[in-house]
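Numbering-wise, the working numbering comes out as the position in the sequence shown, counting from 1, plus 816. The structure appears below as structure tokens.
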Amino acid sequence: MERILVIGASGQIGSELVEALTAKHGAANVIAADIGPRSLHGAANYEMLDVLDSNRVTQIIDRYRVTQVYQLAALLSVTGEQAPLKAWTLNMNGLLNILEIARERGQAGKPLRLFWPSSIAAFGPHTPAIDTPQLAVMDPTTIYGISKQAGERLCEYYFSKFNVDVRSIRYPGIISHRSPPGGGTTDYAIAIFHAAQKGEIYPCYLGPDTTLPMIYMPDAIRATIELMETPADRIRIRSAYNVAGLSFSPRELTQAIRQYVPEFDISYQPDHRQAIADSWPHSLDDTCARADWGWHAGIGLQQLVEDMLANIKASSGALHHAA
Ligand code: AKB
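Pasting the structure below:
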């Protein structure tokens, strides 16, 4: 029986991951943890926790006899640029803390399986942009991307030196309708749906042809759980796996939204986020994830657009009803 701690449980990925893990393993076996007030997302347990407080992370792991940790607490690409030192400290020391705890527990015969998210932000302007291979030049330009690249090296190091069973995915931009995203460059692809739903013109901070890799949340959650359920001897990559969902530009997304909201309009006002987007791949080659753990994306652009619009409409209706 697994006992699963999710650190960063109130974030965009964390909140939906806790729900999925709870459905699979039972509410009593999932511990949601974050720095804010109690927010369970279906789990039976909540702990207020700062991942930088290594002693308390250890106490919680001991108290609940945790077997798996998902460490999701991080500052993303845009918020990271506003506070580079804070981003580096949180992103690196948060990871190092759980790697060290897993190393010590492994040596004491109490192994922990870890998940830590990397990102397409680990790539940079000299990375081949189309069908970016698993192994490629990585010269990230943001502090977030630098922390992801360094984090990947740490994961591989702790696996090869100390046999820590850590697994990771280079997430594309994740699109979802439940929790708001937390300060990333790919957030436009969520905000655009809210504007379309409200009948507003969307002022896009990226140019019309800025193609980026994206993934719809249900696929991202499925990829994460499938990777964590794969037997350890099939995981050949201990840095982070490329995982492709779909790729599109703001212009293509606008066209897809117009099939459902014909009057929807967008204006283009590229800002500082354009340079970040321009340094990232357009599309990913995920052959290794397919071969090692059977990954395949399930959700295409039309299904994503239809589902996003329907869900945002339903939740705004519910809000009006409650008001
Ligand atoms: C961001 O835009 O910073 C994130 C990411 C791609 O990791 N969504």
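The beta carbon of each residue, even a glycine, is placed where N, CA and C say it ideally should be.
At a cut-off of 6 Å, would you count Thr1001 as near the ligand AKB, judging by its Cβ distance to the nearest heavy atom? yes
Would you call the region 1013-1029 in contact with the region 880-894, where contact means no fewer than 3 C-beta pairs closer than 8 Å? The region 1013-1029 is not in contact with the region 880-894.
Using three-state DSSP, classify Asp955 as helix, strand or coil. coil
Per DSSP, the bridge partner or partners of Asn861: Ile847
Residue(s) in a DSSP beta bridge with Arg1106: The partner list for Arg1106 (beta bridge, DSSP) is empty, contrary to what the question assumes.
Select from Leu912, Ala849, Arg819, Gly842 the residue whose C-alpha is nearest the C-alpha of Ser831. Ala849
State the DSSP-derived secondary structure class of Met1030, mapped to helix, strand or coil. DSSP places Met1030 in strand when its eight states are reduced to three.
Would you grab the beta carbon distance between Leu1069 and Ala1113 for me? Rounded to a whole angstrom, and I think it's under 8 Å. For a cut-off of 8 Å, the C-beta gap from Leu1069 to Ala1113 is around 17 Å, too long to register as a contact.
Local conformation of Thr772 per DSSP, three classes: Because residue 772 is not part of the residues shown, which for the chain are 817 to 1139, the question remains open.
Among Ser826, Leu821, Ile829, Gly852, which one has its Cα closest to the Cα of His841? Leu821
Taking C-alpha atoms, which residue in Arg872, Ser870, Met864, Ala938 lies nearest to Ile985? Ala938
Bounding residues of the alpha helix (DSSP H) (the contiguous stretch that carries Pro900): 900-904
Let me know the secondary structure DSSP gives Val982 once reduced to three states. strand
Per DSSP, what kind of secondary structure is Phe1064 in: helix, strand or coil? Reduced to three states, the DSSP call for Phe1064 is strand.
Leaving out the 5 sequence neighbours to the left and right, which residues in its chain are closer than 7 Å to Leu833 when beta-carbon positions are compared? Val822, Tyr886, Ile1037, Thr1040
For a test of the three-state rule: what should DSSP assign to Leu868, helix, strand or coil? The answer is coil: DSSP assigns Leu868 none of H, G, I, E or B.
Tell me whether the region 914-928 and the region 1053-1069 touch, counting them as touching only if at least three CB pairs, one residue from each stretch, are closer than 8 Å. no
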